[in-house]
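Asks: Have a look at this one.
There are 2 protein chains.
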Amino acid sequence: MIVALAGGVGGARLAVGLAAVLRPAQLSVVVNTGDDFEHLGLHVSPDLDTVMYTLAGVNNPETGWGRRDESWQFMTALKELGGSDWFNLGDRDLAVHVLRTEALRAGSTLSEVTAMLARRLGVRHALLPMSDAPVRTRVITAKGELAFQDYFVRERCRPRVQGFRFAGSRAARPAPALQALMQSGRISGLVLCPSNPFVSVAPILAVPGIRAWLRRRDFPVVAVSPIVGGAALKGPAAKMMRELKLDASAAGIARHYGGLVDGWVIDHADAKLQTTIEKMGRGVLVTDTIMRSPAYSARLAATLVAYVRRLAAERR
Amino acid sequence: MIVALAGGVGGARLAVGLAAVLRPAQLSVVVNTGDDFEHLGLHVSPDLDTVMYTLAGVNNPETGWGRRDESWQFMTALKELGGSDWFNLGDRDLAVHVLRTEALRAGSTLSEVTAMLARRLGVRHALLPMSDAPVRTRVITAKGELAFQDYFVRERCRPRVQGFRFAGSRAARPAPALQALMQSGRISGLVLCPSNPFVSVAPILAVPGIRAWLRRRDFPVVAVSPIVGGAALKGPAAKMMRELKLDASAAGIARHYGGLVDGWVIDHADAKLQTTIEKMGRGVLVTDTIMRSPAYSARLAATLVAYVRRLAAERR
Numbered sequence: 001m002i003v004a005l006a007g008g009v010g011g012a013r014l015a016v017g018l019a020a021v022l023r024p025a026q027l028s029v030v031v032n033t034g035d036d037f038e039h040l041g042l043h044v045s046p047d048l049d050t051v052m053y054t055l056a057g058v059n060n061p062e063t064g065w066g067r068r069d070e071s072w073q074f075m076t077a078l079k080e081l082g083g084s085d086w087f088n089l090g091d092r093d094l095a096v097h098v099l100r101t102e103a104l105r106a107g108s109t110l111s112e113v114t115a116m117l118a119r120r121l122g123v124r125h126a127l128l129p130m131s132d133a134p135v136r137t138r139v140i141t142a143k144g145e146l147a148f149q150d151y152f153v154r155e156r157c158r159p160r161v162q163g164f165r166f167a168g169s170r171a172a173r174p175a176p177a178l179q180a181l182m183q184s185g186r187i188s189g190l191v192l193c194p195s196n197p198f199v200s201v202a203p204i205l206a207v208p209g210i211r212a213w214l215r216r217r218d219f220p221v222v223a224v225s226p227i228v229g230g231a232a233l234k235g236p237a238a239k240m241m242r243e244l245k246l247d248a249s250a251a252g253i254a255r256h257y258g259g260l261v262d263g264w265v266i267d268h269a270d271a272k273l274q275t276t277i278e279k280m281g282r283g284v285l286v287t288d289t290i291m292r293s294p295a296y297s298a299r300l301a302a303t304l305v306a307y308v309r310r311l312a313a314e315r316r
Numbered sequence: 317m318i319v320a321l322a323g324g325v326g327g328a329r330l331a332v333g334l335a336a337v338l339r340p341a342q343l344s345v346v347v348n349t350g351d352d353f354e355h356l357g358l359h360v361s362p363d364l365d366t367v368m369y370t371l372a373g374v375n376n377p378e379t380g381w382g383r384r385d386e387s388w389q390f391m392t393a394l395k396e397l398g399g400s401d402w403f404n405l406g407d408r409d410l411a412v413h414v415l416r417t418e419a420l421r422a423g424s425t426l427s428e429v430t431a432m433l434a435r436r437l438g439v440r441h442a443l444l445p446m447s448d449a450p451v452r453t454r455v456i457t458a459k460g461e462l463a464f465q466d467y468f469v470r471e472r473c474r475p476r477v478q479g480f481r482f483a484g485s486r487a488a489r490p491a492p493a494l495q496a497l498m499q500s501g502r503i504s505g506l507v508l509c510p511s512n513p514f515v516s517v518a519p520i521l522a523v524p525g526i527r528a529w530l531r532r533r534d535f536p537v538v539a540v541s542p543i544v545g546g547a548a549l550k551g552p553a554a555k556m557m558r559e560l561k562l563d564a565s566a567a568g569i570a571r572h573y574g575g576l577v578d579g580w581v582i583d584h585a586d587a588k589l590q591t592t593i594e595k596m597g598r599g600v601l602v603t604d605t606i607m608r609s610p611a612y613s614a615r616l617a618a619t620l621v622a623y624v625r626r627l628a629a630e631r632r
């Protein structure tokens, strides 16, 4: 069993690749819910939906969020009525938010709702929220502390970042299926997807028990750098690193994670950083990491799985 | 000030006519909320929406509910996800349900939400729910007691009707603006729209205080028969009357309301019933009552307003 920790687009693309090379019994994708929020009375789980839609093949590849072949009549009517229109909800996408919200209000857990929705969309691999409890990423900026979506969508990542806070994380527990995996002794490796380290991976690691579990692990952790050639492929990761006075490069990312990661997968564009990262005591594998299509994702996933197995063999 | 009591389609059509011949300060439309229900976690107010959309000119004239130029991507996605699909919610229509539900959850009253939505849709005349408290029409049938929408939409009015119950009515109070009107002494007449007497008008009359107010009134009540030529123009009114062993005719309707109505407006098709109704001690005016278009509605409304004024003058 391989566990992948994923945020939005980068996580979704790698999840598709991993799902192509691993059977359902061999893969569990654990998704960040720190960017979940209540909007218009609806519970929206942006990262879970991006990964779910992508695994189901119904995602919108242009935007990186929402569904393909989407229409916007709801938003048009909402604007006419003076409703809040800074966060776009497509007509088809709405069905997920409405069903999720209804089920949560009726007492279902986020894990249960996610499993139900994913199953109905034809997703066969396990898709798990990091926790059933609300953990909400707060971005501390020069303009004050902002809820994640206010920072990300409303403010378009413009405010200068000073730090992060994961409200609710102290009281959270890993989702039951994740807890079961953590206690199973059946994990052969963990993959950190090329997701934002601060707002996609950090919220997962902030759930009590997860970091300790990784510290005492008997399996390798491999990671794909979300920074390639000094830039994030998607989103504000590089901008955040610069604002936090970190080195916005694959090496800076490796330094940030430290001993949490055993092996780094970096892009050919960053081949010159291999020695720097190896000097930190980490393994490095240089390959194509840009997932231009599901075929690229599957190739990268196969490389990762082979790397996990090699590192696991070296441990024995 | 004229007050109109309205249900769905018939009420909406007459409301449009009244709004065409009366200024905003001269008309308040009080709408049945007995068919409101919670669906998919959303508060749906079918009659309020039908009247609001019709007054705003954005109604769907074919269906009698929902908005014109509607699309159904939400329902398509909902069905794919295995969601409950017996009640259709259009993509544009959804904006109203989502905003209303959000505002109600945030503590607004149904009156406040209705006023806000109507204003934003450009409705200038007062549109009032009968009550801000939940009153839920239950239909007692040969198949047992059914929630109104289960009877009306899910069962398509097939079960044989034995009676009605308005759950919550005992604890309800008229909406604040309606209470203010009731105490104002400024009412010059009340119009019973051609709405279903059992499931549109009766829930309004079941709100404590309204029937007593009408009993001690100093203004005339005029009504338009919802039954023309022995048939309801829309909906199950005639079927219900037959099942309740009532005379499914304009005369049967007049008998049903008794002294609550001073003057009846019946269609030329029912001219032969004039004497029967007059023998009950009620006034009768025979005219065209079928509202084929807003122009017909306005003509009927003008006739009604003149009739109200004549009856009011006769009282003095």
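Those protein sequences? They're chains A and B, same order as listed.
Mapping to this note's numbering: the first sequence position 125 is 125, numbers consecutive.
To convert, take the position in the second sequence, counting from 1, and add 316; that gives this note's numbering.
Glycine included, C-beta positions come from ideal geometry on N, C-alpha and C.
1. Name the one or two DSSP bridge partners that B:I318 has.
2. In this structure, does DSSP put A:G90 in helix, strand or coil?
3. Is the beta carbon of B:A564 less than 7 Å from the beta carbon of B:R558?
4. Does the pairing of the segment 508-516 of chain B with the segment 318-328 of chain B give three or more beta-carbon distances under 8 Å?
5. Pull out every residue of the segment 97-111 of chain A whose Cβ sits closer than 7 Å to any Cβ of chain B, in chain order.
6. Could you work out which residues of chain B lie near A:L81, taking near to mean beta carbons separated by less than 9 Å?
7. Residue range of the alpha helix (DSSP H) that A:E112 falls in?
8. What residue does the beta strand (DSSP E) around A:H256 start on, and which one ends it?
9. If you follow the beta strand (DSSP E) that A:D267 is in, where does it begin and where does it stop?
10. Taking B:L620 and B:V538 to be in contact with their CB atoms under 8 Å, please state how far apart those CB atoms are, rounded to whole angstroms.
11. Distance, Cα to Cα, A:A162 vs A:I140?
12. Could you check which residue in B:R502, B:P524, B:D578, B:M498 has the C-alpha nearest to that of B:R486?
13. Looking only at its chain, what residues have a beta carbon closer than 8 Å to the beta carbon of B:F480, apart from the 5 residues adjacent to it on each side?
14. Do three or more CB pairs link the segment 141-155 of chain A to the segment 119-133 of chain A at distances below 8 Å?
15. Can you name the residues of chain B whose CB is closer than 8 Å to the CB of A:D85?
16. Measuring alpha carbon to alpha carbon, tell me which residue in B:V346, B:F390, B:A372, B:E428 is nearest B:R383.
17. For chain B, check one thing: does any of its Cβ atoms lie closer than 7 Å to the Cβ of A:D91?
18. Three or more beta-carbon pairs under 8 Å between the segment 388-399 of chain B and the segment 327-339 of chain B, yes or no?
19. Within this structure, are the beta carbons of B:L364 and B:T425 separated by less than 7 Å?
20. Measure from the C-beta of A:F74 to each C-beta in chain B and report whether the shortest distance is under 7 Å.
21. So what does DSSP say about B:R329, is it helix, strand or coil?
22. Where do the ends of the alpha helix (DSSP H) carrying B:P362 lie?
23. Would you check whether the ligand MN has a heavy atom nearer than 6 Å to the C-beta of A:V191?
24. Just to confirm the assignment: which complete alpha helix (DSSP H) runs, minimum length 4, are found wholly within the segment 456-510 of chain B?
25. Under a Cβ-count criterion, where at least 16 other Cβ atoms within 10 Å of its own Cβ denotes burial, should A:A175 be classed as buried or exposed?
26. Please name the residues in the segment 38-52 of chain A whose beta-carbon is closer than 8 Å to at least one beta-carbon of chain B, in chain order.
27. Say whether chain B places a C-beta atom closer than 7 Å to the C-beta of A:A77.
28. Just to make sure I have the definition right: I need the residues of chain B whose C-beta is within less than 9 Å of the C-beta of A:S200. Which are they?
29. Out of B:R489, B:P536, B:G545, state which residue places its alpha-carbon closest to the alpha-carbon of B:I526.
30. Is B:F353 closer than 7 Å to B:D346 when the C-beta atoms are compared?
31. Does the beta carbon of A:S71 come closer than 7 Å to any beta carbon on chain B?
32. Measuring straight from C-alpha to C-alpha, what distance separates A:Q274 and A:A118?
33. How would you write the range of the alpha helix (DSSP H) that A:F74 sits in, first residue to last?
34. If you draw a straight line from the alpha carbon of A:R160 to that of A:M280, how long is it in whole angstroms?
35. Can you tell me whether B:I606 is helix, strand or coil according to DSSP?
36. Using only alpha-carbon positions, find the residue among B:T592, B:L521, B:R608, B:G484 that is nearest to B:G380.
Replies: Answer, in terms of the structure:
1. Within the second sequence, numbered from 1, the residue matching residue 318 of chain B stands at position 2. In the DSSP output, where bridge partners are listed per residue, B:I318 has B:L343, B:G505.
2. Against the first sequence, residue 90 of chain A aligns to sequence position 90. The DSSP-derived three-state label of A:G90 is coil.
3. For this step, residue 564 of chain B is matched to residue 248 along the second sequence. For this step, residue 558 of chain B is matched to residue 242 along the second sequence. Yes, the pair counts as a contact, with Cβ atoms nearer than the cut-off.
4. Between the segment 508-516 of chain B and the segment 318-328 of chain B there are three or more C-beta pairs closer than 8 Å, enough to call the two in contact.
5. For the segment 97-111 of chain A, the residues whose beta carbon sits under 7 Å from a beta carbon of chain B are, in order, V98, L99, T101, E102, R105.
6. As a first step, residue 81 of chain A is located in the first sequence; it is residue number 81 there, counting from the start. The contact set of A:L81 on chain B, defined by CB atoms closer than 9 Å, consists of A411, V412, L415, M432, L433, R436, L437 in chain order.
7. In the first sequence, residue 112 of chain A corresponds to position 112, counting from 1. First-last of the alpha helix (DSSP H) with A:E112: 110-120.
8. In the first sequence, residue 256 of chain A corresponds to position 256, counting from 1. In this chain, A:H256 is not harboured by any beta strand (DSSP E); it is covered by the alpha helix (DSSP H) spanning 250-257.
9. Position 267 of the first sequence, counted from the start, is the residue given in the question as residue 267 of chain A. That run of the beta strand (DSSP E) goes 263-267.
10. Taking the second sequence and counting its residues from 1, the one referred to as residue 620 of chain B is at position 304. Taking the second sequence and counting its residues from 1, the one referred to as residue 538 of chain B is at position 222. Yes, they are in contact, since the Cβ atoms of B:L620 and B:V538 sit about 6 Å apart, within 8 Å.
11. Translated into positions along the first sequence, residue 162 of chain A becomes position 162. Translated into positions along the first sequence, residue 140 of chain A becomes position 140. In the sequence as displayed, the identity of residue 162 of chain A is Gln instead of Ala. Spanning the two alpha carbons is a distance of roughly 5 Å.
12. Taking the second sequence and counting its residues from 1, one reaches residue 486 of chain B at position 170. Taking only the C-alpha atoms, the option nearest B:R486 is B:P524.
13. The residue given as residue 480 of chain B occupies position 164 in the second sequence. T453, R454, V455, I456, F514, V515, A518.
14. For the pair of segments examined, the segment 141-155 of chain A was found not to touch the segment 119-133 of chain A: the number of CB pairs separated by less than 8 Å stays below three.
15. In the first sequence, counting from the first residue as 1, residue 85 of chain A sits at position 85. Result: empty, since nearest Cβ-Cβ is about 10 Å, beyond 8 Å.
16. Working through the second sequence from its first residue, we reach residue 383 of chain B at position 67. Closest by alpha carbon: B:A372.
17. Within the first sequence, the letter at position 91 stands for residue 91 of chain A. It does: the Cβ of A:D91 has a partner Cβ on chain B nearer than 7 Å.
18. Taking 8 Å as the limit for Cβ pairs, the verdict is that the segment 327-339 of chain B does not touch the segment 388-399 of chain B.
19. Here the question's residue 364 of chain B lines up with position 48 in the second sequence. Here the question's residue 425 of chain B lines up with position 109 in the second sequence. Remark: C-beta atoms of B:L364 and B:T425 do not approach each other more closely than 7 Å.
20. Stepping through the first sequence from its first residue, residue 74 of chain A is reached at position 74. Yes, its Cβ sits closer than 7 Å to a Cβ of chain B.
21. Residue 329 of chain B sits at position 13 when you count from the first residue of the second sequence. Three-state DSSP puts B:R329 in a helix.
22. Residue mapping note: residue 362 of chain B aligns to position 46 of the second sequence, counting from 1. Element bounds for B:P362: 362-372.
23. The ligand content of the structure shown is nil, which means the ligand MN is not present either.
24. If we require 4 residues or more, the alpha helix (DSSP H) runs fully inside the segment 456-510 of chain B come out as 492-500.
25. For the purposes of this step, residue 175 of chain A is identified with residue 175 of the first sequence, where counting begins at 1. Counting Cβ neighbours within 10 Å, A:A175 comes out buried, since at least 16 surround it.
26. Flagged, chain order: L40, G41, L42.
27. The residue you call residue 77 of chain A lines up with position 77 of the first sequence. Answer yes: the Cβ-Cβ gap between A:A77 and chain B drops below 7 Å somewhere.
28. Start at 1 with the first residue of the first sequence, and residue 200 of chain A comes out as number 200. Residues of chain B whose Cβ lies closer than 9 Å to the Cβ of A:S200 do not exist; the shortest such Cβ separation is about 25 Å.
29. Position 210 of the second sequence, counting from 1, holds the residue named residue 526 of chain B. Nearest in C-alpha terms to B:I526, of all of B:R489, B:P536, B:G545, is B:R489.
30. To locate residue 346 of chain B, count along the second sequence from 1; it is residue 30. To locate residue 353 of chain B, count along the second sequence from 1; it is residue 37. Reading the sequence as shown, one finds Val at residue 346 of chain B and not Asp. Not closer than 7 Å, so no.
31. Position 71 of the first sequence holds residue 71 of chain A. Interface flag for A:S71 against chain B is set, since a Cβ pair is found closer than 7 Å.
32. Start at 1 with the first residue of the first sequence, and residue 274 of chain A comes out as number 274. Start at 1 with the first residue of the first sequence, and residue 118 of chain A comes out as number 118. Put simply, the backbone Cα of A:Q274 is about 38 Å away from that of A:A118.
33. For the purposes of this step, residue 74 of chain A is taken as the residue at position 74 of the first sequence. Start and end: 73-80.
34. As a working note, residue 160 of chain A is residue 160 in the first sequence. As a working note, residue 280 of chain A is residue 280 in the first sequence. Spanning the two alpha carbons is a distance of roughly 29 Å.
35. Stepping through the second sequence from its first residue, residue 606 of chain B is reached at position 290. In the structure shown, B:I606 adopts coil according to DSSP, grouped into three states.
36. Working through the second sequence from its first residue, we reach residue 380 of chain B at position 64. Considering only alpha carbons, the answer is B:R608.
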